[in-house]
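As given, the protein sequences belong to chains A and B, one line each in that order.
Residue numbers are given in the UniProt record's numbering: position 172 of the first sequence equals residue 172, and the series is strictly consecutive.
Residue numbers are given in the UniProt record's numbering: position 265 of the second sequence equals residue 265, and the series is strictly consecutive.
Cβ atoms here follow ideal geometry from the backbone N, Cα and C, with glycine treated the same way.
These numbers were taken from a predicted model, which means no experiment stands behind them.
Number of protein chains: 2
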Amino acid sequence: MSNPLAVGATIGILGGGQLGRMLSVAASRLGLKTHIYEPGASPPAGEVAHRVTTASYDDVAALTAFGQSVDVITYEFENIPTSALDLLEQLAPIHPGRQALATSQDRLTEKSFLQGLGLTTAPFADVPDMAALEAALAAIGAPAILKTRRMGYDGKGQTRIKTADDGPRAFADMAGAPAILEGFVNFSHEVSVIGARGQDGSVACYDPGENLHQDGILRMTKVPAKLTASQRSDAVLIAARILNALDYVGVMGVELFVTPEGLIVNEIAPRVHNSGHWTQNGCTICQFEQHIRAVAGWPLGDGSRHADVTMENLIGDDMAKLADYAKTDAAIHLYGKAEVKPGRKMGHVNRIFRA
Amino acid sequence: MSNPLAVGATIGILGGGQLGRMLSVAASRLGLKTHIYEPGASPPAGEVAHRVTTASYDDVAALTAFGQSVDVITYEFENIPTSALDLLEQLAPIHPGRQALATSQDRLTEKSFLQGLGLTTAPFADVPDMAALEAALAAIGAPAILKTRRMGYDGKGQTRIKTADDGPRAFADMAGAPAILEGFVNFSHEVSVIGARGQDGSVACYDPGENLHQDGILRMTKVPAKLTASQRSDAVLIAARILNALDYVGVMGVELFVTPEGLIVNEIAPRVHNSGHWTQNGCTICQFEQHIRAVAGWPLGDGSRHADVTMENLIGDDMAKLADYAKTDAAIHLYGKAEVKPGRKMGHVNRIFRA
């Protein structure tokens, strides 16, 4: 190990949701502590972390104390304010690094980066103003989708354009936020690769999973995904190329559209990913521990798959079915959120099918 | 589910060692909080628990506040003072129950109970005084082993008697503590069954594991154990008989000696057990989650085994080999203990061999 964190060291995690919660649990397996930084009260990760700081991302004193208390910093979401990162990186290493964050925080930067690597993305155009939108619609055509460049997730911050006439309404929906127009891709299904890269530059990818969305939210991931052998190989190579290009440390989620012409990169997430939750029951080392191993400077672990798995998210009222799930052979993972809200991810269920 | 704990409920755990730590992690998967009660400072379980109370078992105020803050109580070790249990059982249900604790806290009670069920144990005799020891040695013969009735673990509180002449020295070693004499059993190897029983009376046992001890401490457990099909079946039936007889709720470890004449019960532990750690990487639902499910009133989960596993304890200086283990395909589980001491259990390593 190249300077790995020792037992008892502390990993700081920005964000206290379910991803931070499962990262904390994985860190505990390696004898490491976690310190959660989260603006919201009673974060899910707080129940299993050694320490929690409740403060906003512009609280310089809190950020400073947090940064001084940890040995390394990681995060469970990509929309961390730049000013907070500027301060924290003076105090402790941040993994994955700034380049990965800057790339994934902005849809325009991300798509340009991916195309620069020779990868295929949906057609896109920068939309700083209404004139640019008109030009983009003329070039890309309708239907298309207008998205804010920053801060989008789970279908938020985007609007569909059915015909060119929808342009002004769609532009108004952006409320002045910088946007990009993306053309529609004619894909049969979406898969994602959960890839990991260690501090020693080694790369390990999990088997691709097939994703099913509903209302813009991930509903289910199945492994193995419906892919030919060469598509499966392509998917892993695409993920590896991105990880290496970013000199990445940690786990990344890479979403890919499957088309007859090949795989198209939809988006990347510089963190553990909902579509990788199946690894908790399908692999010896899950995505959460793999991320912690990378961030902590440990060698990557064994991510080979020992079963077929179906991961289903428990969203909002799905929790009413909990008693039924509990009676089955499934593995249940809940996030400790007491209040059920529509669209809120409350947990997930992994069903294992042995080969 | 018969009145299962809801998301956000709190399980109180008496004892904050590695077993409490891994129980806390398992509880988090089911959306449950844990509150650790532990006299020692900075307990391993404290890093992953929602709350920790540091107080002794005779601190009435602390015990009362703890009991009032939790929905159910369980424990990671069996030597809990009776006075603490008397107080706590007024405040919250305790699982496994008092009968299981009373039985396993006292070697004489335990062996009498097991014989009462028609199970075979090593020959034994109550040794309240020196005259009783002489009579016991005459009946059982030497070599034999003299053990304190209470508070023994990992080879502590016991002394070997090679010949009858050793009697006075051995009796003096007990320092006045009530003791029992146990005859030696001619066994080929030891196995253990990790059994679970839910609040609905359902029983589920994991595949028996084969245990290798060194200096009185568990060194390694392998599954599958070296057993014939009928021995394997006997082992599970013995565990089930014990669980049912105690109206048990939770996970229990049952250690068995394998002899040509059949299986002999060595001892029972009313808790998750070191020899069950392999389940973390060999099963969908590990012993820790199975225990939490039982205690929380959930249905038991799927404990079937998907791989062969070798679990090796990391004891004391074994930690020096950590970097080597990290490079392998093994799953590493550390307890977050910063200080390495001889004989101290620092973690364990599960090696998976796929069928």
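Item checked: First and last residue of the uninterrupted beta strand (DSSP E) at residue 308(B) -> Along the second sequence, one-based indexing puts residue 308(B) at 308. Where residue 308(B) is concerned, the enclosing beta strand (DSSP E) starts and stops at 308-315.
Check: Counting only runs that start and end within the stretch 228-291 of chain A, where is the beta strand (DSSP E) found for 3 or more residues in a row?
Finding: Within the stretch 228-291 of chain A, the complete beta strand (DSSP E) runs of at least 3 residues are 250-259, 262-269.
Notebook entry, point to check: Three or more beta-carbon pairs under 8 Å between the stretch 133-144 of chain A and the stretch 111-119 of chain A, yes or no?
Noted result: Contact between the stretch 133-144 of chain A and the stretch 111-119 of chain A is absent: fewer than three C-beta pairs spanning the two stretches fall below 8 Å.
Next item on the list: Take the Cβ of residue 74(A) as the centre, count every other Cβ of all protein chains shown within 10 Å, and call the residue buried at 16 or more, exposed below.
Entry: Start at 1 with the first residue of the first sequence, and residue 74(A) comes out as number 74. A buried status is given to residue 74(A), since no fewer than 16 other beta-carbon atoms sit within 10 Å of its beta-carbon.
Notebook entry, point to check: Which term fits residue 124(A), buried or exposed, when burial requires 16 or more other beta carbons within 10 angstroms of its beta carbon?
Noted result: Here residue 124(A) refers to the residue found at position 124 when the first sequence is read from its first residue. So residue 124(A) counts as buried.
Check: Counting contacts by CB-CB distance shorter than 8 Å, is residue 312(A) in contact with chain B?
Finding: Locating residue 312(A) in the first sequence gives position 312, where the first residue counts as 1. No Cβ of chain B is located within less than 8 Å of the beta carbon of residue 312(A).
Item checked: Nearest-angstrom Cβ-Cβ length linking residue 45(B) and residue 21(B), presumed shorter than 8 Å -> The residue given as residue 45(B) occupies position 45 in the second sequence. The residue given as residue 21(B) occupies position 21 in the second sequence. Contact holds; Cβ gap of about 4 Å.
Margin query: Among the candidates 34(A), 327(A), 231(A), 162(A), whose CA atom is the shortest distance from the CA of residue 76(A)?
Written below: Looking up residue 76(A) in the first sequence gives position 76. Comparing Cα positions, the closest option is 34(A).
Next item on the list: Note down the Cα distance separating residue 1(B) from residue 301(A), rounded to an integer number of angstroms.
Entry: As a first step, residue 1(B) must be located in the second sequence, where it is residue number 1. As a first step, residue 301(A) must be located in the first sequence, where it is residue number 301. In this predicted model, residue 1(B) has a pLDDT of only 41, less than 50, meaning its place in the structure is not dependable; the value taken from the coordinates is given anyway. Between residue 1(B) and residue 301(A), the alpha-carbon positions lie close to 37 Å from each other.
Checklist line | Backbone secondary structure at residue 185(B) - three-state DSSP | finding: Residue 185(B) sits at position 185 when you count from the first residue of the second sequence. In the structure shown, residue 185(B) falls within a coil segment according to DSSP collapsed to helix, strand and coil.
Next item on the list: Could you tell me which of 323(A), 181(A), 205(A) sits nearest to residue 192(A), measuring between CA atoms?
Entry: Against the first sequence, residue 192(A) aligns to sequence position 192. It is 205(A) whose Cα lies nearest to the Cα of residue 192(A).
Item checked: Residue range of the unbroken beta strand (DSSP E) whose run includes residue 160(A) -> As a working note, residue 160(A) is residue 160 in the first sequence. Note, residue 160(A): beta strand (DSSP E), 158-161.
Notebook entry, point to check: How would you call residue 215(A), buried or exposed, if buried means at least 16 neighbouring beta carbons within 10 angstroms?
Noted result: Taking the first residue of the first sequence as position 1, residue 215(A) is located at position 215. It counts as exposed.
Next item on the list: Within 10 angstroms of the Cβ of residue 280(A), are there 16 or more other Cβ atoms? Answer buried if so, exposed if not.
Entry: What you label residue 280(A) is simply residue 280 of the first sequence in a count that begins at 1. Per the 10 Å Cβ criterion, buried.
Notebook entry, point to check: Going along chain B, which residues have a C-beta under 9 Å from residue 284(A)?
Noted result: Numbered from 1 along the first sequence, position 284 holds the residue referred to as residue 284(A). In chain order: 281, 307, 329, 330, 331, 350, 352.
Note to self: Between residue 298(B) and chain A, is the shortest Cβ-Cβ distance under 8 Å, so that the two count as touching?
What the structure shows: The residue labelled residue 298(B) in the question sits at position 298 within the second sequence. Answer yes: the Cβ-Cβ gap between residue 298(B) and chain A drops below 8 Å somewhere.
Note to self: Judging by CA-CA distance, which residue of 72(A), 81(A), 66(A) is the nearest neighbour of residue 58(A)?
What the structure shows: Translated into positions along the first sequence, residue 58(A) becomes position 58. Minimum Cα distance to residue 58(A) is reached at 81(A).
Check: Excluding sequence positions up to five away, which residues of its chain have a Cβ less than 7 Å from the Cβ of residue 88(B)?
Finding: Taking the second sequence and counting its residues from 1, one reaches residue 88(B) at position 88. 63, 67, 73, 94.
Check: Considering only the beta carbon of each residue, do residue 315(A) and residue 276(A) sit closer than 8 Å?
Finding: Sequence index remark: in the first sequence, residue 315(A) carries index 315 (1-based). Sequence index remark: in the first sequence, residue 276(A) carries index 276 (1-based). Annotated as distal: residue 315(A) and residue 276(A), with beta-carbon spacing of 8 Å or more.
Next item on the list: Check the Cβ of residue 30(A) against every Cβ in chain B and list those closer than 8 Å, keeping chain order.
Entry: Indexing the first sequence from 1 puts residue 30(A) at position 30. Under the 8 Å cutoff, chain B gives 332, 334.
Notebook entry, point to check: Taking DSSP as the reference, what is the three-state secondary structure of residue 1(B)?
Noted result: Translated into positions along the second sequence, residue 1(B) becomes position 1. The predicted model places residue 1(B) with a pLDDT of 41, which falls under 50 and marks its position as unreliable; any figure quoted below should be read in that light. DSSP places residue 1(B) outside both helix and strand once states are collapsed to three, so it counts as coil.
Item checked: Other residues of its chain near residue 141(B): CB distance less than 8 Å, five sequence neighbours each side excluded -> The residue given as residue 141(B) occupies position 141 in the second sequence. Excluding sequence neighbours, residue 141(B) sits near 183.
Next item on the list: Please list the partners that residue 190(B) has in chain A, where partner means a Cβ-to-Cβ separation under 7 Å.
Entry: Counted from its first residue, the second sequence places residue 190(B) at position 190. Ordered by position in chain A, no residue passes the 7 Å Cβ test against residue 190(B), which lies about 26 Å from the chain.
Note to self: Below 9 Å on C-beta distance, what does residue 116(B) contact in chain A?
What the structure shows: Along the second sequence, read from residue 1 onward, the residue named residue 116(B) stands at position 116. Residue 116(B) does not reach chain A, its nearest Cβ partner there being about 34 Å away, counting only Cβ pairs nearer than 9 Å.
Next item on the list: Jot down the residue ranges of each uninterrupted alpha helix (DSSP H) in the stretch 17-56 of chain A, minimum 4 residues, whole runs only, in chain order.
Entry: Every alpha helix (DSSP H) of 4 residues or more that sits fully in the stretch 17-56 of chain A is shown, in chain order, as 18-29.
Notebook entry, point to check: Just checking my contact of residue 179(B) with residue 147(B) at CB under 8 Å: how many whole Å lie between their CB atoms?
Noted result: Position 179 of the second sequence, counted from the start, is the residue given in the question as residue 179(B). Position 147 of the second sequence, counted from the start, is the residue given in the question as residue 147(B). Correct: roughly 6 Å between the Cβ atoms.
Item checked: CB contact check: residue 33(A) to chain B, cutoff 8 Å -> Position 33 of the first sequence, counted from the start, is the residue given in the question as residue 33(A). Yes, contact with chain B.
Next item on the list: Note down the Cα distance separating residue 170(A) from residue 103(A), rounded to an integer number of angstroms.
Entry: In the first sequence, counting from the first residue as 1, residue 170(A) sits at position 170. In the first sequence, counting from the first residue as 1, residue 103(A) sits at position 103. Cα to Cα, the separation comes out at about 25 Å.
Notebook entry, point to check: Alpha carbon to alpha carbon, how far is residue 231(B) from residue 278(A)?
Noted result: Here residue 231(B) refers to the residue found at position 231 of the second sequence. Here residue 278(A) refers to the residue found at position 278 of the first sequence. Going by the C-alpha atoms only, they are around 36 Å apart.
Check: If we count the other Cβ atoms within 10 Å of its Cβ and call it buried at 16 or more, is residue 127(B) buried or exposed?
Finding: Here residue 127(B) corresponds to residue number 127 of the second sequence, with the count starting at 1. Buried is the call here.
Item checked: Helix, strand or coil at residue 192(B) according to DSSP, with G and I counted as helix -> Locating residue 192(B) in the second sequence gives position 192, where the first residue counts as 1. In the three-state scheme derived from DSSP, where H, G and I count as helix and E and B as strand, residue 192(B) is classed as strand.
Check: Can you name the start and end residues of the beta strand (DSSP E) that residue 210(B) belongs to?
Finding: In the second sequence, counting from the first residue as 1, residue 210(B) sits at position 210. Start and end: 209-214.
Note to self: Can you check whether the C-beta of residue 1(A) is within less than 8 Å of a C-beta belonging to chain B?
What the structure shows: Translated into positions along the first sequence, residue 1(A) becomes position 1. Any answer about residue 1(A) is weak, because its pLDDT of 41 lies below 50 and its placement is not dependable; what the coordinates show is given next. Contacts with chain B at 8 Å (Cβ-Cβ) include residue 1(A).
Check: Along chain A, which residues have their Cβ under 7 Å away from the Cβ of residue 50(B)?
Finding: Working through the second sequence from its first residue, we reach residue 50(B) at position 50. Simply 47.
Notebook entry, point to check: Which residues in the same chain as residue 246(A) place their Cβ atom closer than 6 Å to its Cβ, once the five residues preceding and following it in sequence are excluded?
Noted result: Taking the first residue of the first sequence as position 1, residue 246(A) is located at position 246. Excluding positions up to five away in sequence, the list reads 99, 100.
Item checked: Proximity of residue 338(B) and residue 8(A) at Cβ, strictly below 8 Å -> Along the second sequence, one-based indexing puts residue 338(B) at 338. Along the first sequence, one-based indexing puts residue 8(A) at 8. Residue 338(B) is a Cβ neighbour of residue 8(A), given a cutoff of 8 Å.
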